[in-house]
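The listed protein sequences correspond, in order, to chains A and B. In this text, residue positions in the first sequence follow our numbering: the first is 405, and each later residue adds one. In this text, residue positions in the second sequence follow our numbering: the first is 405, and each later residue adds one. Glycine included, each C-beta is placed from N, C-alpha and C at the ideal position. For reference, the structure discussed in these notes is given below.
There are 2 protein chains.
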Amino acid sequence: MTGLSDSPHQGVKAEEPSGRAIVFVIDDDVSIRRSLSNLFRSVNLDVAAFGSAQEMLQGKLPEVASCLVLDVRLPGLSGLELQTELAKLNLHIPIIFITGHGDIPMSVKAMKGGAVDFLTKPFRDQELLDAVVAATERDRKRREVEKTVANLQSLFETLSPREQAVMKLVAAGLMNKQVAAELELAEITVKIYRGRVMKKMGARSLADLIRMAETLGICANQPE
Amino acid sequence: MTGLSDSPHQGVKAEEPSGRAIVFVIDDDVSIRRSLSNLFRSVNLDVAAFGSAQEMLQGKLPEVASCLVLDVRLPGLSGLELQTELAKLNLHIPIIFITGHGDIPMSVKAMKGGAVDFLTKPFRDQELLDAVVAATERDRKRREVEKTVANLQSLFETLSPREQAVMKLVAAGLMNKQVAAELELAEITVKIYRGRVMKKMGARSLADLIRMAETLGICANQPE
DNA sequence: AGAGAGCCTAAACATTCGTATAATTCTCCA
DNA sequence: TGGAGAATTATACGAATGTTTAGGCTCTCT
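Take a look at the structure:
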C-alpha cells in the first residue's frame, strides 16, 4: 500500500488563506498592462500580462489559483468571445472585465457567463483588488473540489470492470445477494470484489464509499 | 406500515413542463403594468401586478413557480433594494429587472445579487418572455429540491433525540458498537434505534439513509 | 394512582457481511 | 509446453447486523 491515512476524500481542512495566486492581465494598451501589473504586484500577487486573447490562449494555465482581468474590447478575440471560448474549452478561470465603453447588455452577458465582476473605467484600485481577491478565492475553492473529484475518479479507474460494477450496485444500496444476481455471479465473488473495492478506494466504511460514489455521480443507471 | 413505495427522496421523475406559473409585475406606471400583464397572459402565464415593492411585500408568495419582473426605479423601495430585502427574508424568487435609465454598475450589482436578467428598454417582447421562462424554470427546480429537503427535515424531526443521534453516527460510518460507546448505550439499544430510524425515515437501505443524511447536512460534528 | 409514552437493556435467533484458504478455469506469454 | 496471473467459485468461520420477545425505568397527563 502506498499512501495510507491520506484520505483524498472530504478533507475538511482548516481555512487556508489563498496562498499564492496568479492574475492574468489582458489589455492591448501597454501602459495599462504595466500599471495593472504594478498594482497587483504591490499586493503580493503574481502577474502574467498579454496584449491579446490569442497570446494568452497559447500558454497554459497554471496549477495555482488564478483569475483573468481583461478589457472587453481587445484586438482579435474580444473579451466576451474569450469568455465563451474558455467556457467551451472547459476552463473555468474566473474573469473580471474592465471597460471604458461598455453597455448594459454587454455587462449582463458577461455576468450571465459567470464573470466575477464587470468594472467601468474609471474605477478605484481597491474595487479591482477586491474583485481579484474574490475571484482567486473562488478559483481556489473550485480547484479544491475538482482535485478531490479527480483523485476519486482516478482511484475508481484503478478498479477492474467487475469491481466498478459491484461498487455501483453496492452504492445503490443493493445487498450482496442482489448484486450477485444482477451480475450473474456467486455471492461469495461479490464479497471478494466488495472487499477489494473498499481497500482500493480507501474507504473506511460503507458510508465513506457511498459518499465517494455520490461525488463521482455514480447512479447505476444506463443498462448498456 | 403506513406509506410505502412513496419515497420522498431522490425522485428522478420525468421532465415535467413548467406547469402553472405566476409572474409578479412591479411598476409604478399603470400602462406598463397593463401591457406587461397582457403580454404574459397571452402566453398562458398568471400575473399579479403591483405599483410598488411594498404592496408586493404585503401579500405572500404563492406555492407555485414564480418570478418577479420589476423596474429598477420604483417609488419607495427601489428594485435593487427590494432584491436585497427579499434576500434577507430568505425569499429566493428569481428576479428580472427592466429599466429605462440604468447603468452598468447597477446591472452588475443586480446580476451579482442573483438576478436572472437585466433588460434595458426598449426590448423585444420575446427577450422578456425568454427570461421569464428561464426564471420560472429555475424557480421550479429550486422549489423541487427545497421541498425534498423540507420533507426529509420534517421526517428527521419525528425522530426522538436518541434516534437522531444514532442516525448521525451511523451516517458517519460508525459501527453499532462504536455508536453505543459514543452514546454510552448498549449495542442492542443502538440496533433497536437504528431499526426505528430506518423505518421512520423510510430508508430501504443504508445507502438510502446515508444519502438522506447527506442532503440534510448531517455530519455528526459539534461535540456539544 | 394509573395509563401511556419514551428510553434502556437482555436473551435468542436469523441474516448478512468480511475474510482466509483452496481449487478451478482461462488467457497470455516466455 | 509450462507457468504466471487474472477471474471465479466453494467451504468455513468469525464478526456485524436486524428482529422478536420480554422486561424495567422514569417521566407526564389525567
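Terminal residues of the continuous alpha helix (DSSP H) containing residue i?
i, result
"B:T552", "529 to 561"
"A:A575", "565 to 575"
"A:A374", "Here chain A covers residues 405 to 628 and nothing more, so residue 374 of chain A does not appear."
"B:M579", "From DSSP, B:M579 is part of no alpha helix (DSSP H); its letter is neither H nor E."
"B:N442", "434 to 446"
"B:D612", "610 to 620"
"A:E485", "483 to 492"
"A:P509", "508 to 516"
"B:E591", "591 to 605"
Where do the N-terminal and C-terminal ends of the beta strand (DSSP E) with residue i fall, by residue?
i, result
"A:L474", "470 to 475"
"A:V451", "450 to 454"
Residues in the same chain with beta-carbon distance under 8 Å from residue i, minus the five sequence neighbours each way, listed in chain order, please.
i, result
"A:S609", "none"
"B:R445", "V451"
"A:G423", "V468, A469, R544"
"B:V553", "T619, L620"
"A:E489", "A457, L461, L481"
"B:V434", "G455"
Excluding five sequence neighbours on each side, which residues of the same chain lie with their C-beta closer than 6 Å to the C-beta of residue i?
i, result
"B:L486", "A457"
"B:A617", "A575"
"B:P479", "D432, S456"
"B:A607", "L613"
"B:E550", "none"
"B:L449", "A425, V427"
"B:G517", "Q487"
Give me the DSSP bridge partner(s) of residue i.
i, result
"B:V427", "B:V451, B:C471"
"B:F501", "B:L474, B:F522"
Going by the CB atoms, is the gap between residue j and residue i shorter than 8 Å?
i, j, result
"B:I484", "B:M510", "A small correction: the amino acid at residue 484 of chain B is Leu; Ile does not occupy that position in the sequence shown. Taking 8 Å as the Cβ cut-off, B:L484 and B:M510 qualify as a contacting pair."
"A:S470", "A:V520", "no"
"A:V473", "A:L495", "no"
"A:I499", "A:K572", "no"
"A:I594", "A:V601", "Before going on, a small fix: residue 594 of chain A reads as Val here, not Ile. It is not a contact, given that the beta carbons lie outside the stated cut-off."
"A:V512", "B:M515", "yes"
"A:I614", "B:A611", "yes"
"A:L533", "A:V447", "yes"
"B:E591", "B:K603", "no"
"A:A425", "A:R437", "no"
"A:L620", "A:L578", "no"
"B:L465", "B:D529", "no"
"B:I508", "A:I508", "yes"
Excluding five sequence neighbours on each side, which residues of the same chain lie with their C-beta closer than 7 Å to the C-beta of residue i?
i, result
"A:A569", "L587"
"A:G504", "K525"
"A:V380", "Missing from the structure shown is residue 380 of chain A; chain A here goes from 405 to 628 and no further."
"A:R566", "Y597"
"A:E531", "L523"
"B:T562", "K604"
"A:R546", "H496"
"B:A539", "C471, P498, I500, V520"
Next on the checklist: Please list, in chain order, the residues of the region 560 to 580 of chain B that have any C-beta partner in chain A closer than 7 Å.
Outcome noted: A575, A576, G577
Next on the checklist: For the region 586 to 612 of chain B, list every residue whose C-beta sits within 9 Å of some C-beta in chain A, in sequence order.
Outcome noted: A607, R608, S609, L610, A611, D612
Next on the checklist: So if I threshold CB-CB distances at 9 Å, which residues from the region 503 to 525 of chain B count as touching chain A?
Outcome noted: T503, G506, D507, I508, P509, M510, S511, V512, A514, M515, K516, A519, V520, D521, F522, L523, T524
Next on the checklist: Along the region 468 to 501 of chain A, where does the CB come closer than 8 Å to a CB of chain B? Name the residues.
Outcome noted: none
Checklist entry - For the region 534 to 552 of chain B, which residues have a CB atom closer than 7 Å to at least one CB atom of chain A, in sequence order? => result none
Item to check | chain B contacts from the region 437 to 453 of chain A (Cβ-Cβ distance under 9 Å) | outcome: none
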